[in-house]
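Protein chains: 4
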Amino acid sequence: MAVSRSEQDQPRPRPGRPRSEQTRKAVLRATGELMHEVGLRVMTTEEIASRCGASKATIYKWWPNKYAVAVEAMLSQMFVESGDPDTGSAHEDFRLVLRGMMRFYNSPSGRVYAQIVGEAQFDPQIAAELNDRLIGPRRQLGRTILARGIARGELRADIDPESAIDLIFGAAIYRLVAGHAPMGDDVADSIVDLAIRGLAC
Amino acid sequence: MAVSRSEQDQPRPRPGRPRSEQTRKAVLRATGELMHEVGLRVMTTEEIASRCGASKATIYKWWPNKYAVAVEAMLSQMFVESGDPDTGSAHEDFRLVLRGMMRFYNSPSGRVYAQIVGEAQFDPQIAAELNDRLIGPRRQLGRTILARGIARGELRADIDPESAIDLIFGAAIYRLVAGHAPMGDDVADSIVDLAIRGLAC
Amino acid sequence: MAVSRSEQDQPRPRPGRPRSEQTRKAVLRATGELMHEVGLRVMTTEEIASRCGASKATIYKWWPNKYAVAVEAMLSQMFVESGDPDTGSAHEDFRLVLRGMMRFYNSPSGRVYAQIVGEAQFDPQIAAELNDRLIGPRRQLGRTILARGIARGELRADIDPESAIDLIFGAAIYRLVAGHAPMGDDVADSIVDLAIRGLAC
Amino acid sequence: MAVSRSEQDQPRPRPGRPRSEQTRKAVLRATGELMHEVGLRVMTTEEIASRCGASKATIYKWWPNKYAVAVEAMLSQMFVESGDPDTGSAHEDFRLVLRGMMRFYNSPSGRVYAQIVGEAQFDPQIAAELNDRLIGPRRQLGRTILARGIARGELRADIDPESAIDLIFGAAIYRLVAGHAPMGDDVADSIVDLAIRGLAC
DNA sequence: GAATAAACGAGACGGTACGTCTCGTCTTATG
DNA sequence: CATAAGACGAGACGTACCGTCTCGTTTATTC
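Protein chains in written order, with the working numbering: chain S, 154 to 354; chain C, 154 to 354; chain B, 154 to 354; chain W, 154 to 354.
Shown next as structure tokens:
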């Protein structure tokens, strides 16, 4: 049993030349650069390939299109992804998380992120990837903070968690995609203040 | 002054053949059909042209690209645009407005609307058009409802109106573009309940 | 009646922008150059396009592939195509015609011609084009010379014309495609001498 | 000397795993099938490999490309290669040989053979292989028949043998590559009749 | 009622990215 | 070592759509 498990952990090499990890990283690095420099739409698969020394065929072998590469490139850049602050106060936790989100949306990556969201409106596959790997984890963090707040008696127990999360995060996404108003720490605080008042006991 | 105004109202005919109103309507009708049938991206200017009997050159003469046509086509289909309910209660007003928004987002047009939002992430011109003609008016309605609520002493006077509107509408946009959860009257009610509690005196 | 005929002679222009004769010539000129410089296989549609300022799409609109362009380019270069010598002697006529053929096969164009023949082995469309426009006319000339020779009593009347033409022209094609031996005026003369002896009364 | 000859005849086994004769045959068999089924151009090295269980690398190790494999596959299928009839009459000999050639050209293998000739127009290496292994031996047979005919006083002694062979075989190649007319025993006879009359004393 | 001016349908065009394909080389582990 | 499996770089392929252009035609105003 232990053996078979260790074999799973360190998978027995399949026959044939293994996928080049070096190429994979080079593609993601080049994509990460390009998507910031020229934007997701103008960036071409050809330019990614020529910049990182890979061939188009290799890219198309491992990703369905440039947008999927971009999602992965974005993820590989967000490894320091704002974690759970867990300050002991849901209000404070949400304040910090929303500030982090808005700072990210305001950063150069924010524009790229918005373009991924934009592309997801046309391609269900991108939408799924976006949800699984970018939006889902963030919402999960929201649920955790909510649950702690409820457990501490800080927030009401009868609220719909999904609606509550939409309330807080929705405002940030709204400003991101509509761009009708700027984002900043003050805005984050103001929104969280309103929302927490609605959620508090 | 009076003369110039009358000239604007009934513009003095310039020499040459005037623009065909019939063609304009045919283009919008064909675009409205197509964008629902195949989506904004797959829809081509060529197909719009061939479907309505216009020529590509004519379309490009009056609109910068197919997305601009789509925005106008969408507007021309939303003539029954949910007006101001003005029930005497901000809570009730927002409830009805958010229900209307979510119903629209759930309708076939909702998908097209989301695609316009998606395209706006890439094209500032579309973004501007989107803001001016679709998002702006809706937010204006939000401000009106808010102001009435404050004047009636129903809502606090010190709240930031923009944040308040983001709080309510943001949740709907969030679900539209991320698609992480369905929209319905119950969801609308639940969100407005939370938000109003945060906004109320 | 006369009017309708003159209208046929000068065909009423079809609606839409007419095909650009300038572009057509530029494509053929560039193809003619390229196929001599690098050969038929190495020559790419992209290079033709970039060299003559046309777009690939335009080339593919009017020709099915680069080989079809090459056939037409070759034809447009052979306008001075060796005509009918009509010396009054079939022997002499064939001698001059075969010398002309072998000189052509020995020229730079000969290599390209051989490549067209080569490509025709893979593509029935090229084969058809080759037969209609390059091989057919040459054989027709052979039939004419034969007929005159028979009429003059110079050649036997009971010979199969097709076999007779194959006998004379086949030797040249054979050397062209197999390249087992050089071609020259002396070889042409030697072959025609043998063949005419076989065909003569 | 004797040692080196014996080394050639029964080569001293080099270290390492020897080349698999079984694999070599499997490659040739698969190529022979494929080139008839889909043609030389459409046939891919990959498909040869997958069909016979070899790997592409192995094929490329022993042959420069798929056309070289095809030449060898064709040769291995022509083991019954029409030999020298040696009937005692050059006329009869050529008649039988040309009939054999035309039958071969008419067979399914004829199309593949034509494609090898076609490919040889682009690749000097294929051309060399074609000449050495397919065309050369046939011409050698022609020279033998010619020499016997001359020795017997059947044919003139002053004829150029190469031209004489071109005369006879060229007609067949011409029909093969141009495809302007069918081939058959009657055609072979007719051509040999004409040629022999030209060659006879 | 001509002359002028602009809109229009048709469709050719240059540009350019797309995603696919095949080639011939390479990098593994296995026999 | 030779081999199978298969990843890889290179680069042409033919397609598709974009937005512009060039025609001849139509429909209005202006002289």
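Every residue gets a Cβ at the ideal spot worked out from N, C-alpha and C, and that includes glycine.
Asked	Found
7 angstroms Cβ cut-off: residues of chain W touching B:Q274	A267, Q268, V270, G271 and V330
Cβ contact (3+ pairs, closer than 8 angstroms) linking the stretch 299 to 317 of chain C and the stretch 344 to 353 of chain C	yes
Min CB distance S:A348 to chain C below 9 angstroms	yes
Extent of the continuous alpha helix (DSSP H) run through W:T184	E174 to E190
Contact under 9 angstroms by Cβ, B:V224 with B:L287	yes
Where W:A341 sits in the DSSP three-state scheme	helix
C:P168 (DSSP reduced to helix, strand or coil)	coil
Closer than 7 angstroms at the beta carbon, the chain W residues around B:D319	A324, Y327, R328 and I344
Counted within 10 angstroms of its Cβ, other Cβ atoms place B:G302 as buried (16 or more) or exposed	buried
Collapsed DSSP secondary structure at S:L228 in the structure displayed	helix
Beta-carbon neighbours of B:G192, restricted to chain W and to distances below 8 angstroms	F275
Top-ranked residue by Cα proximity to S:G185, from S:D246, S:C205 and S:G323	S:C205
Distance, C:R252 Cα to C:A341 Cα	5 angstroms
Reference W:A179; option with closest CA among W:N218, W:M196, W:P217 and W:V222	W:V222
Any chain S beta carbon closer than 9 angstroms to C:V340	yes
Touching by the beta-carbon criterion (3+ pairs, under 8 angstroms), the stretch 315 to 323 of chain S and the stretch 260 to 273 of chain C	no
Own chain partners of W:T176 with C-beta closer than 6 angstroms, once the 5 adjacent residues on each side are dropped	A207
Own chain partners of B:A280 with C-beta closer than 7 angstroms, once the 5 adjacent residues on each side are dropped	A273
Sub-9 angstroms separation of C:V250 and C:M188 beta-carbons	no
CB contact below 9 angstroms: C:L299 versus chain S	no
Proximity of B:R305 and B:M254 at Cβ, strictly below 9 angstroms	no
Environment of W:R165 [buried if 16+ CB atoms lie within 10 Å]	Its pLDDT being 48, under 50, W:R165 is placed unreliably by the model, and the measurement read from it follows with that caveat. So W:R165 counts as exposed.
Within chain S, the residues that C:G351 reaches when beta carbons sit closer than 7 angstroms	L347, A348, R350 and G351
Bridge-paired residues (DSSP) for W:A243	For W:A243, which the question treats as bridged, DSSP gives no partner whatsoever.
Chain B contacts from the stretch 233 to 261 of chain W (Cβ-Cβ distance under 9 angstroms)	none
Collapsed DSSP secondary structure at C:L320 in the structure displayed	helix
Residues near S:R248 in its chain [Cβ-Cβ closer than 7 angstroms; skip 5 each side]	A341, D342 and V345
Closer than 9 angstroms to chain C by CB, S:H189	no
Residue closest to B:L329, alpha-carbon to alpha-carbon, out of B:D246, B:S262 and B:R296	B:S262
S:L193 - DSSP class collapsed to helix/strand/coil	coil
Span separating the alpha-carbon of C:D246 from that of C:E174	38 angstroms
Contact residues within the stretch 281 to 308 of chain W, judged by C-beta distance below 9 angstroms to chain B	L283, N284, I288, G289 and R292
Within the stretch 268 to 306 of chain S, ranges of the alpha helix (DSSP H) (whole runs, at least 4 residues)	277 to 283 and 289 to 304
Residue of S:N284, S:E199, S:M231 and S:S260 minimising C-alpha distance to S:M336	S:S260
Through-space distance from C:E199 to C:A183, alpha-carbon basis	11 angstroms
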